[in-house]
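Down below is the structure, laid out as C-alpha cells.
Here it is in C-alpha cells:
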C-alpha cells in the first residue's frame, strides 16, 4: 500500500504524479502556482496560511487562511496564487468509492434519514461550492490535528484508511445540510439557488460573528446584497427558521453559557445579550429551555 501523504514543493510541483480516484493528502508550501485542472477529483481544499484563488466558470472563490472549499470533479477549474511568502495549503483528494461506502454506512444507521442524493450530488453543478471557515465545520478538529502532524513530520503515521472514512462521514453530514438548504430555496434554476445560498451563508456568518450587535434584520440583508423581504423569505426556506429566531437562539445559547459560569447576575446577562429587559429575557429563555433563568442558575 502506497503512502496516503505527499508533499508538493517548488521542485516537484510540475512532475509529481497525482493519480485519480485515490485517497491522498497533498501538503504544499509554494510561492506561485497555476493550474487549470484544480477540481480533478472530489477534494477538500484547506488553506493553512495566505490565500488561494479558485475560478469556477465566471465565479472566483478566494480561500483565505483557516477556510476550506469542497470541490466536486469538474473540468477547466483554475487555481492560482503568486506570493512573496509561501502559501501553505492542504488538498485532500477522496476516492468516489470512499464517499459511496461512507454514505451507505450512514444511510443504514438509525437517526440518519438521508434522501438518496448521493448518486449525482457530488458530480453535478448542484454541488454547492462555497468558502467556509474550518472552525464551524464538523471536521475542524481533524484538520487541526492534521496540520499539527504535518508540522511534526508525522503525517504518514497520522493518516490511514480509517482517517479518510471518518473525514468523509463528517463531510457528508456537512454537505447534507447544504443539500437540504438548496432544495428548500424555491427557484427553478440551480445556479440561482446556489447564488442565493451563497449570499445566505455570508449573512449567516455575519450573524454568527456579530449577533450581539445586530439591531435590525435589514442590517444583515444589506451585508449580503438582498432586500429585507427576499432575505427573510429565502433564509426561512434554506434553514427552516427565520433570521430573527436564529439571532434569538444565538443570544439565548450565550446567556445559558454565561449563567452556567455563575460570575454574572441574570440582569447583567440579559443586558449583555441585548434583551430589552429582564422580563423579555426570562420569557424567551423559559420558552427555549423549558426552565426559568433563575431556576437554571440555582441548579448549577
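In the numbering used here, the protein residues as written are 422 to 721. Backbone N, C-alpha and C fix where the C-beta goes; we use that ideal spot for every residue, glycine too. Keep in mind the model is a prediction, meaning the values are calculated, not measured.
Consult DSSP for residue i and reduce its assignment to one of helix, strand or coil.
i, result
"residue 554", "strand"
"residue 559", "coil"
"residue 594", "helix"
"residue 629", "helix"
"residue 745", "Residue 745 cannot be examined here, being either before or after the span of the chain that is shown, 422 to 721."
"residue 609", "coil"
"residue 439", "coil"
"residue 573", "coil"
"residue 433", "coil"
"residue 520", "helix"
Tell me the rounded alpha-carbon separation between residue i and residue j.
i, j, result
"residue 688", "residue 681", "14 angstroms"
"residue 557", "residue 476", "24 angstroms"
"residue 643", "residue 574", "45 angstroms"
"residue 601", "residue 707", "30 angstroms"
"residue 563", "residue 467", "12 angstroms"
"residue 510", "residue 447", "8 angstroms"
"residue 495", "residue 637", "40 angstroms"
"residue 487", "residue 559", "14 angstroms"
"residue 720", "residue 672", "21 angstroms"
"residue 455", "residue 432", "15 angstroms"
"residue 634", "residue 655", "22 angstroms"
"residue 579", "residue 428", "14 angstroms"
"residue 465", "residue 709", "36 angstroms"
"residue 512", "residue 683", "43 angstroms"
"residue 568", "residue 497", "29 angstroms"
"residue 604", "residue 693", "37 angstroms"
"residue 677", "residue 666", "16 angstroms"
"residue 457", "residue 499", "4 angstroms"
Is residue i close to the ligand SAM? I mean its beta-carbon at under 7 angstroms from any heavy atom of the ligand.
i, result
"residue 440", "Among the ligands in the structure shown, none appear at all, so the ligand SAM cannot be discussed."
Which residues mark the beginning and the end of the beta strand (DSSP E) in which residue i is found?
i, result
"residue 476", "472-477"
"residue 491", "488-492"
"residue 426", "426-429"
"residue 709", "Taken as a continuous stretch (DSSP letters only), residue 709 belongs to no beta strand (DSSP E), being part of the alpha helix (DSSP H) at 699-710."
Grab me the residues of residue i's own chain with a C-beta within less than 7 angstroms of its C-beta, minus the 5 sequence neighbours each way, in chain order.
i, result
"residue 443", "514 and 516"
"residue 424", "577"
"residue 695", "633 and 672"
"residue 627", "641 and 644"
"residue 659", "602, 605, 606, 618 and 621"
"residue 648", "642"
How is the alpha helix (DSSP H) around residue i delimited, first residue to last?
i, result
"residue 665", "664-682"
"residue 716", "714-719"
"residue 639", "638-644"
"residue 657", "649-660"
"residue 690", "687-693"
If I measure Cβ to Cβ from residue i and keep anything under 6 angstroms in the same chain, skipping five residues before and after, which residues do I get?
i, result
"residue 652", "642"
"residue 619", "551"
"residue 679", "685 and 690"
"residue 503", "453"
"residue 599", "549"
"residue 702", "691 and 696"
Which same chain residues, not among the five before or five after residue i, have their C-beta less than 8 angstroms away from its C-beta?
i, result
"residue 777", "For residue 777 there is no data in the structure shown, the boundaries of the chain being 422 and 721."
Kindly provide the ranges of any beta strand (DSSP E) runs that are 3 or more residues long and lie completely inside the region 444-469, ordered along the chain.
445-456
Going along the chain, which unbroken runs of the beta strand (DSSP E) with 3 or more residues stay wholly within the region 490-516?
499-514
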